[in-house]
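Q: Under the UniProt record's numbering, the first residue of the sequence shown carries the number 1, and numbering increases by one thereafter.
Please read through the structure below; I'll follow up with questions.
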Amino acid sequence: MTEFPAPAEHAPDASAIAANLARIKARIAVACDRAGRDPAAVALVAVSKTHPAAAVEAALAAGQVNFGENRVQEAAGKFPPLRAAHPAMRLHLIGGLQTNKARDAVRVADVIESLDRPRLAEAIADAIRREGRAPALLVQVNTGAEPQKSGVARDEASAFLRACREAHGLAVTGAMCIPPEGEDPAPHFRWLAAFAADEGLPVLSMGMSGDFEAAVECGATEVRVGSALFGARPSPV
Ligand SMILES: *Cc1c(COP(=O)(O)O)cnc(C)c1O
Numbered sequence: 001m002t003e004f005p006a007p008a009e010h011a012p013d014a015s016a017i018a019a020n021l022a023r024i025k026a027r028i029a030v031a032c033d034r035a036g037r038d039p040a041a042v043a044l045v046a047v048s049k050t051h052p053a054a055a056v057e058a059a060l061a062a063g064q065v066n067f068g069e070n071r072v073q074e075a076a077g078k079f080p081p082l083r084a085a086h087p088a089m090r091l092h093l094i095g096g097l098q099t100n101k102a103r104d105a106v107r108v109a110d111v112i113e114s115l116d117r118p119r120l121a122e123a124i125a126d127a128i129r130r131e132g133r134a135p136a137l138l139v140q141v142n143t144g145a146e147p148q149k150s151g152v153a154r155d156e157a158s159a160f161l162r163a164c165r166e167a168h169g170l171a172v173t174g175a176m177c178i179p180p181e182g183e184d185p186a187p188h189f190r191w192l193a194a195f196a197a198d199e200g201l202p203v204l205s206m207g208m209s210g211d212f213e214a215a216v217e218c219g220a221t222e223v224r225v226g227s228a229l230f231g232a233r234p235s236p237v
């Protein structure tokens, strides 16, 4: 296995991370209040991609349990030692997943949010059998039909979900999307919420640093927040 290059080691500011975490939770609570929702029904996933393990430690110390990474190899390097010390922490893989990484993903993740094509469904099903370990699975929908993004097309999402369940025996519990940058995300969030409701999917992963309040108002049960918590990333990932 090739080593993932270590992120630039800047000592994370633990008190800033704790303060950001409190601020984000307060904003989620306000959005829940506006929408008449219970804040306990919205999980915050701290997206720690490119940030060092020490930043994750700082968030753990402030009570954070759910973390998100978009690259299997980075996650596989960073998380197992942390998890040994913090057994309750949960790792969400939120990035496009290559079929040949499915087994590593199943080994390390508690949730895989980027299930988006039949070959990957097959590889994940196979990995679950071999590893005897089954992460929770979310179908990613490319709601903006962007060619550079992972995700199944809107009009193929129902058939794909059925194939995951029936042909591959996968227990899919939710849906995830990343709306196009620079567009009003709300129509994308509403589409995904309607899709999840129609399909009986209880988990709705939507909303990032720039739009998590809108996502909460549209029914997100999970928001994925990176830069607002850990600070800017060295380069776009
Ligand atoms: C990086 C990333 C995030 C977090 O983005 P921020 O804007 O830094 O909050 C959320 N979801 C996915 C899929 C990502 O890749």
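Idealized CB from N, CA, C, for every residue including glycine.
Small disclaimer: the values here were computed from a predicted structure and weren't measured.
Let's test the definition: count the other Cβ atoms within 10 Å of the Cβ of Gly169 and tell me whether it reaches 16, buried, or not, exposed.
A: On the sequence shown, residue 169 is found 169 positions in, with the first residue counted as 1. Burial call: exposed.
Q: How about Lys49: is its Cβ closer than 7 Å to a heavy atom in ligand 1?
A: As a first step, residue 49 is located in the sequence shown; it is residue number 49 there, counting from the start. Lys49 Cβ: within cutoff of ligand 1.
Q: How is Gly174 classed by DSSP in three states: helix, strand or coil?
A: Translated into the one-based positions of the sequence shown, residue 174 becomes position 174. If DSSP states are grouped into helix, strand and coil, Gly174 belongs with the strands.
Q: Run through DSSP, which three-state label would residue 240 get?
A: Residue 240 lies beyond the range of the chain shown here (1 to 237); nothing can be said about it.
Q: Considering Gln140, what are the terminal residues of the beta strand (DSSP E) in which it resides?
A: Position 140 of the sequence shown, counted from the first residue, corresponds to residue 140. Segment 136-140, the beta strand (DSSP E) holding Gln140.
Q: Check whether the Cβ atoms of Glu69 and Ala61 sit closer than 8 Å, and answer yes or no.
A: As a position in the sequence shown, residue 69 is number 69, starting the count at 1. As a position in the sequence shown, residue 61 is number 61, starting the count at 1. Not closer than 8 Å, so no.
Q: Please state whether DSSP places Leu120 in a helix, a strand or coil.
A: Along the sequence shown, one-based indexing puts residue 120 at 120. The answer is helix: DSSP assigns Leu120 an H, G or I state.
Q: DSSP puts Ala43 in a beta bridge; with which residues?
A: Position 43 of the sequence shown, counted from the start, is the residue given in the question as residue 43. DSSP lists Glu222 as partners of Ala43.
Q: In terms of alpha-carbon separation, which member of Ala31, Ala54, Ala19, Thr50 lies closest to Ala11?
A: Within the sequence shown, the letter at position 11 stands for residue 11. For Ala11, the nearest C-alpha among the options comes from Ala54.
Q: Quick check: the Cα distance between Gly132 and Arg34, rounded to an integer number of angstroms?
A: Along the sequence shown, read from residue 1 onward, the residue named residue 132 stands at position 132. Along the sequence shown, read from residue 1 onward, the residue named residue 34 stands at position 34. Cα-Cα distance, rounded: 42 Å.
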